[in-house]
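Student: Residue numbers (the working numbering): 131 to 738. Glycine included, each C-beta is placed from N, C-alpha and C at the ideal position. Predicted, not measured: the structure shown is a model, and the values here were computed from it.
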Ligand code: AGP
């Protein structure tokens, strides 16, 4: 989604803004722009191309104060006139992430006051509102605060004025924004990765905060306008973690980072002899002893990890579990059980639907909340009572890979901790699970060795338009995840079904042009799955089977079997995800799509 960078410094900030935007490209965007203050004038450049095009267009622009933006269209088509920054009367410039819900009403009022709108965006109302207060003599800070009081919706904004060359105002509500604190220069950004080249000192703004930033000062005010102190942190993000390095795409890099990401996520547990609730927060033991069920809320890939976890939680811990798509739950009238632990899962921790679902659950009386998330200080982490941080490192590719497998690792730990507390886990079983978890990173590494074979397999998909993914039980969500990966980066229409459902409808689609990908672990459902695959073969469907060793399945005419190195028991879904990620990646390469930034998609979906 949209990205914001802003800077005030003693040096020219244009290269800082452009480099920051480049770092934010992964979030997904369709236009970009920047504005700087130079000799009491606003100088703006915008482009509907990539940041590299904006760089060319801004070659002649310099200034010591500026704001920049990558836009992912919501109101108004992707076009130069709709690209940010938006200006009012050559005096005020604004960049904005989020959605202003009452913009039509505000636009009517402002038009009546004589303001002329030059874009179709909701953002432009903010520029004119700030202008309307500023021209009456309010300071830029007060003009912004008065404007924000009129807005309904979500925002992270940056504001500058042509006649105020050393002051940047910013604010957040519902969209992330942080301050980067440098030496004789300060910054704002929607994501820390944008600022890594200039500072590691970060101040996370809280909901409703407004900040006033100068070259060597900054002040933060809360939603009531009271001056507040917000703690400064030193970011642990490194430049390397957000660089491509030797890899052709971030997605491939992140697929290959999974052994290390899993090792990091499991570090505390694998180095200990037993499982304790404290890994989910200080209050976890108390919360877990009061709960009788689980409700998982998430979107997309994170929702798929929740579906896997439901199987673990019910089978191993014997605790009832429901999994709901956050965007549905938030608007559904549901019956709340105060003894339910509400688990939100999110890579970014800023997904608008998941955040709204969490707040909806809390408003419905749910008190036990746990976030499983990859971003410390994210909204979902801050708004949950308990937390588990996956330590996957920054995920840049829009298609989620290492975030998914580390979420699964966190959810498996949750299962084991609850099983232990509920008396469902013997000490011997606990030790066996810990042993399996310690082995997991090397088991994943072994699956990565299938890379070359999978890249060859992918050639068979180059001319396909549809694909069917099948799985059963614990691996049905892995089929869902495989289909999601394939569709989002290769644009092949892909569906996933529990294999037993095939004959209830989707079998009608099967012919020689419909490749069928089956996740076939060596578990109790294998024989049933084999019968389902016979049904496909009998209709001329071409089968691609990811089978464990010892499944006694062989490649034959129309059937390609890929042998996985081992069967990992309950952890098998994690291993079986890897070949499907690689398959999607290599099919996308065949198709020549933009792997890391697939069309129409954004990394972190911070609007509804
Ligand atoms: C996955 O490949 C997607 N890009 C998407 O489904 C993603 O998982 C979803 O938007 C949820 O994001 P979150 O984990 O950051 O909340």
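Would you identify the three-state DSSP class for residue 633, choosing helix, strand or coil?
Tutor: Here residue 633 sits in helix by DSSP.
Student: The alpha helix (DSSP H) with residue 565 in it runs from where to where?
Tutor: Counting along the chain, the alpha helix (DSSP H) containing residue 565 begins and ends at 557-578.
Student: Measuring CA to CA, which of 477, 134, 483, 235 is closest to residue 527?
Tutor: The option with the nearest alpha carbon to residue 527 is 477.
Student: Thinking residue 337 and residue 139 are a contact (beta carbons under 8 Å), I'd like their distance in whole angstroms, please.
Tutor: About 28 Å separates the two Cβ atoms, so there is no contact after all.
Student: When the Cα atoms are used, what is the spatial distance from residue 419 to residue 548?
Tutor: Their Cα atoms are separated by approximately 9 Å.
Student: Mind pulling the alpha helix (DSSP H) runs of 4 or more residues that sit fully within the stretch 651-734?
Tutor: With a minimum length of 4 residues, the continuous alpha helix (DSSP H) runs that stay inside the stretch 651-734 are 656-668, 702-721.
Student: Can you give me the start and stop residues for the alpha helix (DSSP H) that residue 627 sits inside?
Tutor: Not the alpha helix (DSSP H): residue 627 falls in the beta strand (DSSP E), residues 623-628.
Student: What number of angstroms, rounded off, separates the C-alpha of residue 688 from the C-alpha of residue 640?
Tutor: Approximately 13 Å, taken between the alpha carbons.
Student: Need the endpoints of the alpha helix (DSSP H) that residue 302 sits in, please.
Tutor: First-last for residue 302: 298-303, but that is the beta strand (DSSP E), not the alpha helix (DSSP H).
Student: Would you grab the beta carbon distance between residue 158 and residue 198 for me? Rounded to a whole angstrom, and I think it's under 8 Å.
Tutor: Not a contact, Cβ separation roughly 16 Å.
Student: Closer than 7 Å to a non-hydrogen atom of ligand 1 - does that hold for the CB of residue 731?
Tutor: At least one heavy atom of ligand 1 is nearer than 7 Å to the Cβ of residue 731, so yes.
Student: Any heavy atom of ligand 3 within a distance shorter than 7 Å of the CB on residue 529?
Tutor: Of the ligands one can find in the structure shown, namely ligand 1, none is ligand 3.
Student: Does DSSP classify residue 343 as helix, strand or coil?
Tutor: The answer is strand: DSSP assigns residue 343 an E or B state.
Student: Can you give me the start and stop residues for the alpha helix (DSSP H) that residue 132 sits inside?
Tutor: Segment: none, residue 132 is in no alpha helix (DSSP H) and carries neither H nor E.
Student: Does DSSP put residue 400 in a helix, a strand or coil?
Tutor: Here residue 400 sits in helix by DSSP.
Student: With 16 other CB atoms within 10 Å as the buried threshold, where does residue 362 fall?
Tutor: By the 10 Å Cβ count, residue 362 comes out exposed.
Student: Return the chain-ordered list of same chain residues with a C-beta closer than 8 Å to the C-beta of residue 201, the five sequence neighbours on each side being excluded.
Tutor: Correct list, in chain order: 132, 159, 160, 161, 162, 163, 208, 212, 213, 214.
Student: Is it right to say residue 514 is buried, meaning 16 or more other beta carbons lie within 10 angstroms of its own, or is it exposed?
Tutor: Its Cβ being crowded by 16 or more others within 10 Å, residue 514 is buried.
Student: Kindly indicate the opening and closing residues of the beta strand (DSSP E) around residue 199.
Tutor: Here the beta strand (DSSP E) through residue 199 covers 195-201.
Student: In the DSSP assignment, the beta strand (DSSP E) including residue 334 goes from what residue to what residue?
Tutor: Taken as a continuous stretch (DSSP letters only), the beta strand (DSSP E) holding residue 334 covers 331-334.
Student: Whose C-alpha, out of 386, 275, 328, 206, is nearest the C-alpha of residue 535?
Tutor: That would be 386, whose Cα lies nearest to the Cα of residue 535.
Student: When DSSP labels each residue in this structure, what does residue 159 get in the three-state scheme?
Tutor: Coil at residue 159, not helix or strand.
Student: If you measure from the CB of residue 204, is any heavy atom of ligand 1 nearer than 7 Å?
Tutor: Incorrect: residue 204 has no Cβ contact closer than 7 Å to ligand 1.
Student: Taking 7 Å as the cut-off, is the beta-carbon of residue 300 closer than that to any non-hydrogen atom of ligand 1?
Tutor: No, the Cβ of residue 300 stays beyond 7 Å of every heavy atom of ligand 1.
Student: Any chance the CB of residue 711 is under 7 Å from a heavy atom of ligand 1?
Tutor: Because no heavy atom of ligand 1 lies under 7 Å away, the Cβ of residue 711 does not count as near it: no.
Student: Do you know offhand how far residue 148's Cα is from residue 473's?
Tutor: Rounded to whole angstroms, residue 148 to residue 473 spans 38 Å at the Cα level.
Student: Which residues share a DSSP beta bridge with residue 454?
Tutor: The partner list for residue 454 (beta bridge, DSSP) reads 427.
Student: Touching or not, the stretch 565-574 and the stretch 609-619, by the rule of three or more beta carbon pairs under 8 Å?
Tutor: Segments in contact, no.
Student: Tell me, which residues are paired with residue 362 by DSSP?
Tutor: Residue 362 pairs with 333.
Student: Going straight from the alpha carbon of residue 734 to that of residue 321, what length do you get?
Tutor: Approximately 11 Å between the Cα atoms of the pair.
Student: What are the boundary residues of the beta strand (DSSP E) that residue 223 is part of?
Tutor: Per DSSP, residue 223 belongs to the beta strand (DSSP E) from 222-227.
Student: From the beta carbon of residue 578, is the nearest beta carbon of chain B less than 8 Å away?
Tutor: No chain B appears in the structure shown, which is made up of a single protein chain.
Student: Check whether the stretch 536-555 and the stretch 447-458 touch, using three or more Cβ-Cβ pairs below 8 Å as the test.
Tutor: Output reads yes: the stretch 447-458 touches the stretch 536-555.
Student: Under the rule that 16 or more other beta-carbon atoms within 10 Å means buried, what is residue 339, buried or exposed?
Tutor: By the 10 Å Cβ count, residue 339 comes out buried.
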